[in-house]
Structures are given as structure tokens and as C-alpha cells.
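Student: Questions regarding the structure given below will be posed in turn.
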Amino acid sequence: MSHTLQRLREAIPAAHDVGERRDLLARFAALCDAVDAVLAAPDAPERVRAKATAFAALLESARERLGPVLWQPSYLLNVVGDAVVRTDWIFGGVVEFLQVGLYFHGLRVIERRFAHQSVEYCAVHADLLESFTGRAGLKAMTARGKAKIADGRVFCLTYDYLNELRKARTAEHRRSAEALDHVRVVADPESVAAEAGVDGEPTDRVGLMMAIFAKKLSATQQVVYLAKNRAGGAAAPLLADEALGRHPLVAMLAELDGELDGHGNLGWSEIAEKLHVNEKTAKREYLKALHILLSESARSVFGAEPPTRYVARVLQQIREVVDAKDLRIRSSTGEGLGRLVEKWETALRFVLNHHRVPA
Amino acid sequence: MTCGDVAAYLDAFLDHEARARFDVASLSEHAGGCASCATRLAGFFRVLEIPESAYLRETLDELAIAMHGLALAVIRERVDPEANTDNMVPVAAPEGASEDLARQGAEMVDDAEDWAGSSRVSGHDMAEFRDVIDDAARSRERKLDVAAKVCEAASRVATRHLPRVLNLLGAVRLWQSDVDAAEAAFLRTLACRDADEDGRRAQVFAHVNLAYVQRQRRRWDAADLSARRAVALAEELGEDPLFGLFAQLCIAVDRVADSGVGAVERVVARLIALPSGTARLRDALALENNKPVRDALRDAGIGASHPALFDAER
Numbered sequence: 016m017s018h019t020l021q022r023l024r025e026a027i028p029a030a031h032d033v034g035e036r037r038d039l040l041a042r043f044a045a046l047c048d049a050v051d052a053v054l055a056a057p058d059a060p061e062r063v064r065a066k067a068t069a070f071a072a073l074l075e076s077a078r079e080r081l082g083p084v085l086w087q088p089s090y091l092l093n094v095v096g097d098a099v100v101r102t103d104w105i106f107g108g109v110v111e112f113l114q115v116g117l118y119f120h121g122l123r124v125i126e127r128r129f130a131h132q133s134v135e136y137c138a139v140h141a142d143l144l145e146s147f148t149g150r151a152g153l154k155a156m157t158a159r160g161k162a163k164i165a166d167g168r169v170f171c172l173t174y175d176y177l178n179e180l181r182k183a184r185t186a187e188h189r190r191s192a193e194a195l196d197h198v199r200v201v202a203d204p205e206s207v208a209a210e211a212g213v214d215g216e217p218t219d220r221v222g223l224m225m226a227i228f229a230k231k232l233s234a235t236q237q238v239v240y241l242a243k244n245r246a247g248g249a250a251a252p253l254l255a256d257e258a259l260g261r262h263p264l265v266a267m268l269a270e271l272d273g274e275l276d277g278h279g280n281l282g283w284s285e286i287a288e289k290l291h292v293n294e295k296t297a298k299r300e301y302l303k304a305l306h307i308l309l310s311e312s313a314r315s316v317f318g319a320e321p322p323t324r325y326v327a328r329v330l331q332q333i334r335e336v337v338d339a340k341d342l343r344i345r346s347s348t349g350e351g352l353g354r355l356v357e358k359w360e361t362a363l364r365f366v367l368n369h370h371r372v373p374a
Numbered sequence: 465m466t467c468g469d470v471a472a473y474l475d476a477f478l479d480h481e482a483r484a485r486f487d488v489a490s491l492s493e494h495a496g497g498c499a500s501c502a503t504r505l506a507g508f509f510r511v512l513e514i515p516e517s518a519y520l521r522e523t524l525d526e527l528a529i530a531m532h533g534l535a536l537a538v539i540r541e542r543v544d545p546e547a548n549t550d551n552m553v554p555v556a557a558p559e560g561a562s563e564d565l566a567r568q569g570a571e572m573v574d575d576a577e578d579w580a581g582s583s584r585v586s587g588h589d590m591a592e593f594r595d596v597i598d599d600a601a602r603s604r605e606r607k608l609d610v611a612a613k614v615c616e617a618a619s620r621v622a623t624r625h626l627p628r629v630l631n632l633l634g635a636v637r638l639w640q641s642d643v644d645a646a647e648a649a650f651l652r653t654l655a656c657r658d659a660d661e662d663g664r665r666a667q668v669f670a671h672v673n674l675a676y677v678q679r680q681r682r683r684w685d686a687a688d689l690s691a692r693r694a695v696a697l698a699e700e701l702g703e704d705p706l707f708g709l710f711a712q713l714c715i716a717v718d719r720v721a722d723s724g725v726g727a728v729e730r731v732v733a734r735l736i737a738l739p740s741g742t743a744r745l746r747d748a749l750a751l752e753n754n755k756p757v758r759d760a761l762r763d764a765g766i767g768a769s770h771p772a773l774f775d776a777e778r
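Those sequence lines, one after another, are chains A and B. To convert, count from 1 in the first sequence and add 15; that's my numbering. To convert, count from 1 in the second sequence and add 464; that's my numbering.
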């Protein structure tokens with residue numbers, strides 16, 4: 016056993032730790048054994064032996080620098096990740112250690128920071144780890160690390176992984192939303208008006224909008240929309256009405272009142288806090304709601320194609336903002352969300368006030 | 465969403481297709497506010513088996529594809545060709561010159577050694593691969609031998625590109641007139657199980673090549689069967705059936721005395737019916753290697769009924 020690895024192994028705390036930390040330390044000890052086996056192997060190519068020596072030296076210098084802090088899982092992962100990048104040594108034993116370490120580190124972070132998106136994050140995390148530790152993923156990771164170190168910055172593997180996780184989750188979220196939109200359209204080729212019982216000539220435009228609101232918007236979109244567009248307690252007078260009180264939509268409005276705690280027209284930060292999402296997501300959901308309300312009402316009133324380019328243009332503008340990775344609301348002319356909503360209101364008024372001319 | 469939906473989602477988790485049908489955002493919303501679902505979720509992911517890293521497998525795949533490309537580049541770049549390979553149809557066009565492909569192959573050998581920490585990877589001595597690649601990049605003589613050696617080495621490792629490598633090995637052996645070795649390589653190509661789409665495409669060509677091997681041995685029925693299988697598999701994959709049909713044409717021409725000119729005409733009609741069929745058949749017939757087929761077609765009277773196929777001669 017090499018002197019460096021011998022010292023490193025001796026420094027690993029005895030197994031009085033519990034759970035994942037103890038497992039990770041045991042795996043780290045196995046990693047030291049694997050590196051040691053490479054150094055001792057007679058058939059190890061000289062190039063590989065040199066990399067293994069440099070790798071062991073980097074771990075040992077980190078131990079001297081950090082002391083017992085090194086045995087914290089995230090420190091250990093980052094030190095090993097940094098050594099992989101600096102030595103350019105993608106070794107099976109190391110990757111196995113990183114894989115297990117990153118998996119449990121990721122689960123801990125998801126539980127702590129993304130509890131309200133845990134299902135999405137856990138699924139993406141389990142899938143991402145496979146591609147992250149594949150050839151393309153590891154090569155890309157070392158390239159990012161080398162670029163950072165060349166710039167004089169610190170390469171932090173856990174940060175790098177979480178960053179990739181966030182990107183993968185955003186991409187997956189959008190893919191899944193689009194797939195569900197598609198499923199809704201395919202599963203429901205009839206117009207929303209017909210589905211809502213507003214058949215033939217949908218003169219009851221209020222009923223049409225309420226049906227779209229109830230059937231086409233997700234729960235989050237409904238809450239965000241109402242939080243921006245109505246005064247709280249709107250369901251109370253409806254509930255008092257004997258005829259309307261038992262209507263499921265009114266019951267839903269009452270539930271929303273409860274969720275909104277009697278507030279309406281909340282600020283974005285308040286909405287984000289109530290829904291446990293960030294402001295950007297809340298705004299994206301709001302714009303998606305506007306898009307659905309306008310596109311579905313236009314489809315019910317006009318059929319496939321609205322008779323004006325204006326409605327189509329507004330729909331396209333909203334779609335572009337929703338699809339943009341960074342939700343770029345402000346246009347090149349400096350117009351922001353308020354102006355977009357004004358355009359949407361104009362388009363919606365046009366749709367709802369339109370009267371069909373019998374052929 | 466209910467706790468039952470979360471449980472159903474976790475039950476379906478390992479089936480990607482089934483999992484995609486769930487509205488994960490709504491499930492998350494529910495699990496975020498439900499302690500028992502949060503616990504169930506955490507427990508599920510804690511015991512989920514972490515898949516093995518695909519790094520080594522992908523590196524060996526890259527090594528095989530680099531060596532396949534290197535063998536093709538060696539055949540293409542060889543000086544003073546000892547065999548006419550004008551009618552070679554690469555399953556996939558090689559990218560880059562032999563030096564670039566040799567460098568790429570050597571990089572994969574290094575990466576595989578890095579991964580294993582040894583020159584022995586999955587029971588193979590990587591030093592041998594490095595030597596074969598270096599020889600191929602340096603050698604200027606007996607290039608078909610060099611290409612065969614590269615393919616032989618690449619075929620020793622089980623990769624997803626094995627059918628492609630074995631098919632090329634068979635073709636090289638056929639050009640070297642080693643019919644037995646060629647037949648063995650084509651049969652190994654067809655024996656590759658679980659071939660992906662790329663592998664199945666290589667199997668189409670292996671059927672075509674096997675048809676030519678059987679034709680050389682004058683086993684007409686076996687030859688025709690292989691050619692028909694090539695056409696059927698190509699059509700199943702949505703690939704061009706031209707090569708299988710052309711093999712069928714060659715066999716029909718050889719058997720014209722027994723089967724009559726009608727069989728030849730039927731194959732010609734199918735070839736012409738393909739997109740740009742006439743032009744492509746004319747180009748194929750114009751190749752030096754296909755001169756006997758061209759002459760036999762003219763003798764059978766096809767020249768009179770389809771003069772456009774012989775335009776190149778005018």
C-alpha cells in the first residue's frame with residue numbers, strides 16, 4: 016500500500032457514524048483500496064499509474080488542509096470530484112463512489128429544498144445519474160471542471176450536479192406539460208363548449224369561460240389566475256344562492272378562497288410563497304392559464320382558425336414567453352407583463368363579443 | 465391527486481412509458497403536503513437500485529466504431545488496390561481520415577485503461593488493440609490484410625456495433641477470396657442477438673453478402689432465400705431494398721436458363737419501381753464488377769425492353 020493512501024485510510028473515522036455517512040465512508044475506504052490496487056498492479060500502464068499517484072496525493076493534501084471536515088459527505092464528494100478533474104482520471108472505482116455519493120446527496124437536497132416538487136425531482140435525479148455517469152456525462156463534467164479551474168475558480172462537483180439536475184428538471188417539466196396538453200387535446204377533440212354543455216351556439220360566453228377555467232386549467236393555474244384577477248371571498252355570495260350553491264364550480268371557488276386565505280390580487284412573491292414555487296414558475300403558470308383561456312375560447316367560438324391575426328399573434332407572443340428558458344417577459348420594446356395582459360384582454364374581448372353570422 | 469395515485473406512480477416508476485402518463489407536478493403538490501406520501505417517496509428512492517455506469521460500455525462502443533471507420537478508411541485510402549472494391553456500400557459512411565480515426569481509437573483505448581486501472585479490460589489486452597490501430601495508421605502495404613486485422617480485433621469485444629464490424633470483416637474476406645471465412649463472418653453477423661436498429665441494418669447487408677457467397681457456391685435456392693430475407697428485413701426497417709433486389713437480380717440472371725427470363729423481368733420491374741430506380745440500377749450495372757450481369761441482361765433481351773438501363777454504354 017502506498018504511503019499516502021496508508022495515511023489517508025488511517026484517518027478515515029471509525030464506523031461510529033450512522034446511516035448514509037457511514038456507508039459513504041466505507042465506500043471511500045473501498046475506493047482507497049481500489050486506487051491502491053492500481054498502484055500495485057504489475058500490468059497497470061505507466062500513464063494510469065501516474066494519474067493514480069497524483070489522485071492519491073490530491074486526496075491526502077485535502078485531508079491535511081481540511082482535517083475532519085473532509086469526512087462530511089459533500090466535502091468528500093467535492094474533493095474526489097476535484098481530483099478527478101485535475102488528474103483527468105475517470106476510474107471505475109472512483110465513479111462508483113461518486114455515483115452512490117451523489118445519489119444520496121441529491122435525495123437529501125431534494126428533501127430539504129424541493130419538498131413540494133419532490134416527485135418530479137426524485138424521478139429526474141434517478142434518471143440523470145445514469146446519464147451523468149455515462150461517457151458523455153463524465154466527459155462533459157470534467158470539461159466544465161477544467162474550464163473552471165483554468166479560470167482560477169473552484170470546481171464543486173455537488174454544485175455542478177445540482178445545476179445539471181435543475182436543468183434536467185426544467186426540461187422534463189416542460190416536456191411533460193406539453194405531453195399532457197397533447198393528451199388533453201387528443202382525448203377531447205370535441206369543443207369545450209360541447210363538453211361543458213354549452214352546445215351549438217355558445218352564446219353563454221360566461222359559462223364557456225367558467226367551463227374552460229374548471230376543465231382546462233391545472234389546480235396551480237386556477238389559483239394563480241384567481242390570485243391575480245379577483246377579490247378574495249368571491250365564492251361567498253354564490254354559495255348563499257340556493258340554485259348555485261351546489262354547483263361544483265362554486266364549491267371549487269370556495270376551496271380556492273380557503274387556499275388564498277381570503278386574499279385576491281396578490282403580489283408575485285406572495286403567490287410564489289403560497290404555492291411553494293419560485294416567482295418565475297408562478298408567472299409561467301399564469302401565462303399558461305391566459306394562453307389556455309384565450310386559445311380554448313377562440314376554438315369554441317370560431318372553430319380551428321380565428322378570423323383575425325391579432326388573436327393568433329397574442330397567443331404566439333404568450334407561447335414564446337412561456338417556452339423561453341428564462342421566461343423573458345419584457346420584449347425588445349421594453350413592454351412587460353402588464354402590456355402582455357392588456358393585449359390578452361383585448362383579444363379575449365374580441366373573441367367573447369364576436370357574433371356568428373349565419374351562412 | 466390522492467395517496468393512491470402516488471403509490472400507483474411509484475409502482476409504475478421503472479416502466480418509463482407507464483410513468484410518463486402521470487401528471488408529476490400534481491403528484492408533487494400532493495406529496496408536498498402529505499406526510500405519509502413524503503415518507504413513502506423517500507423510502508422508495510432510498511432503496512432504488514442505482515444503475516451501473518455505462519461509461520466503459522460506451523467507451524468500448526466508441527472504440528468499435530472508430531476501428532470500423534478505420535478499416536473502411538484503410539480500404540478507401542489504400543494505394544495500388546489488389547481487389548476492386550468499387551461496389552462497396554458502407555453501412556454508414558466513415559467520418560474522417562485514417563489518422564483521425566486511429567487517434568480516436570487510441571483515445572478510447574486510453575480511456576478504457578483509465579477506467580479499469582489496468583491494460584486488461586473485460587478480459588482483453590488493450591495493448592493489442594493499440595498495436596493494431598498503430599499498424600493500421602502506419603502501414604502502406606497489403607491494406608486489405610490490415611483492414612481485416614482491424615475488424616478481427618474489433619470483433620473480439622461485445623459491443624453494440626458488433627454486427628457492423630462482422631459484416632465488414634466478411635466483406636473484406638470475400639474480396640480476399642476467402643469464401644469460408646467470409647461466410648463465417650456473415651453468419652456471425654446474423655447470429656448477433658438483440659441487435660439495435662443500426663445492427664439490424666448491418667444484418668440486411670449480411671443477408672445480401674451471404675446471398676453472393678451462396679451464389680459463388682452455386683447454391684441457388686439458399687442464395688435466393690438470403691436475398692429475399694435481405695429485401696424483407698430492409699422493408700421492415702424502412703431501408704432501401706435495392707441491394708437485396710440487386711442480389712436477387714444477379715441470381716435470377718445466373719438461373720435464366722432454368723427459370724426463364726420472366727423471373728429476371730419481375731426483379732427488374734421491382735428495381736425500377738423504387739425511387740430513382742432506373743438511374744440507380746443503371747449506375748449499379750455500370751460498375752466494372754457487375755459487367756457479367758450487364759452482359760447477361762443484354763443477352764436476355766432486357767436491353768431492348770429497358771434501353772435506359774444501358775444508357776451509360778452509349
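All C-beta atoms, glycine included, are put in the ideal place defined by N, C-alpha and C.
Let me make sure I understand the geometry here. Which of B:A649, B:L689, B:E493 has the alpha-carbon closest to that of B:R628?
Tutor: B:A649
Student: Taking Cβ-Cβ distances below 7 Å as the criterion, which residues of the region 143-175 of chain A are in contact with chain B?
Tutor: L144, E145, T148, G149, R150, L153
Student: Whole angstroms is fine: what's the gap from A:V124's alpha carbon to A:A130's?
Tutor: Answer to the nearest angstrom: the Cα atoms are 9 Å apart.
Student: From this set, B:A716, B:I514, B:G702, which residue's C-alpha is nearest B:P756's C-alpha?
Tutor: B:A716
Student: For A:G152 and A:S146, what's the separation of their Cα atoms in angstroms?
Tutor: 6 Å
Student: Would the beta-carbon of B:W579 fall within 8 Å of that of A:G353?
Tutor: Contact: no.
Student: Okay, do the region 605-621 of chain B and the region 634-642 of chain B touch, 3+ Cβ pairs below 8 Å being the bar?
Tutor: yes
Student: Taking a cut of 7 Å between CB atoms, which residues from the region 129-143 of chain A lie near chain B?
Tutor: Here the close residues are A130, H131, Q132, S133, V134, E135, C137, A138, A141.
Student: Are the C-beta atoms of A:H291 and some chain B residue less than 8 Å apart?
Tutor: Chain B contact via Cβ: present.
Student: Tell me whether B:H588 sits in a helix, a strand or coil according to DSSP, three-state version.
Tutor: Correct three-state label for B:H588: strand.
Student: Would you verify that the beta carbon of A:K66 is, or is not, closer than 8 Å to some beta carbon of chain B?
Tutor: yes
Student: Residues in its own chain within less than 8 Å of A:H306 by CB, not counting five upstream and five downstream?
Tutor: L330, I333, R334, V337
Student: Judging by CA-CA distance, which residue of A:Y90, A:R168, A:C137 is the nearest neighbour of A:A183?
Tutor: A:C137
Student: Considering only the alpha carbon of each residue, which of A:A362, A:V53, A:L302 lies closest to A:G351?
Tutor: A:L302
Student: How would you call B:D660, buried or exposed, if buried means at least 16 neighbouring beta carbons within 10 angstroms?
Tutor: With fewer than 16 other beta carbons inside 10 angstroms of its own, B:D660 counts as exposed.
Student: Report buried or exposed for A:P88, applying the criterion of at least 16 other Cβ atoms within 10 angstroms of its Cβ.
Tutor: It counts as buried.
Student: Under 8 Å, do A:G96 and A:L73 count as touching if we go by C-beta distance?
Tutor: Not closer than 8 Å, so no.
Student: Who are the Cβ neighbours of A:R78 in its own chain at under 7 Å, not counting the five residues just before and after it?
Tutor: L23, A26, L85
Student: Shorter than 8 Å from the beta carbon of A:A55 to some beta carbon of chain B?
Tutor: Taking Cβ atoms only, chain B never reaches closer than 8 Å to A:A55, which makes this a no.
Student: Roughly how many whole angstroms lie between the Cα atoms of B:C467 and B:A502?
Tutor: Taking the straight line from one Cα to the other gives about 10 Å.
Student: Would B:S562 and B:E541 qualify as a contact pair, given that the criterion is a beta-carbon distance under 8 Å?
Tutor: yes
Student: In whole angstroms, what is the alpha-carbon distance linking B:T493 and A:L232?
Tutor: First, the residue type needs correcting, since residue 493 of chain B is Glu and not Thr in the sequence shown. Looking at the two C-alpha atoms, the distance is approximately 15 Å.
Student: Give a yes or no on contact between the region 650-659 of chain B and the region 620-627 of chain B, applying the rule of three or more CB pairs nearer than 8 Å.
Tutor: Yes: the two stretches touch, three or more of their Cβ pairs being nearer than 8 Å.
Student: By how many angstroms is the C-alpha of B:Q680 removed from the C-alpha of B:L735?
Tutor: 22 Å
Student: If you count every other CB in all the chains shown that lies within 10 Å of the CB of A:Y376, and 16 or more means buried, which is it?
Tutor: No answer is possible for residue 376 of chain A: the residues shown for chain A start at 16 and end at 374.
Student: Show which residues of chain B have a CB atom less than 7 Å away from the CB atom of A:F106.
Tutor: What A:F106 touches in chain B: D578, W579, G581.
Student: Residues of chain A with CB closer than 8 Å to the CB of B:D759, please, in chain order.
Tutor: Under the 8 Å cutoff, chain A gives no residues; its nearest Cβ is about 51 Å from B:D759.
Student: Short of 7 Å in beta carbon distance, which residues of its chain neighbour A:V94, apart from the five on each side in sequence? Order them along the chain.
Tutor: L74, A77, L85
Student: Could you spell out the range, first to last residue, of the alpha helix (DSSP H) harbouring A:C171?
Tutor: Per DSSP, A:C171 belongs to no alpha helix (DSSP H) and is neither H nor E.
Student: If we ignore side chains and look at the alpha-carbon of each, how far apart do B:L706 and B:E699 end up?
Tutor: 10 Å
Student: So which residues on chain B does A:A287 lean against when the C-beta distance must stay under 7 Å?
Tutor: None at all; the shortest Cβ gap to chain B is about 14 Å.
Student: So which residues on chain A does B:E493 lean against when the C-beta distance must stay under 8 Å?
Tutor: H131, A234, T235
Student: I want to verify the contact list: residues of chain B whose CB lies under 7 Å from the CB of A:P60, in sequence order.
Tutor: E577, S583
Student: Which of the three DSSP states, helix, strand or coil, is assigned to B:E513?
Tutor: coil
Student: By the criterion of Cβ-Cβ separation under 7 Å, what are the contact partners of B:T523 in chain A?
Tutor: R150
Student: Closer than 8 Å, CB to CB, is A:Y118 near chain B or not?
Tutor: yes
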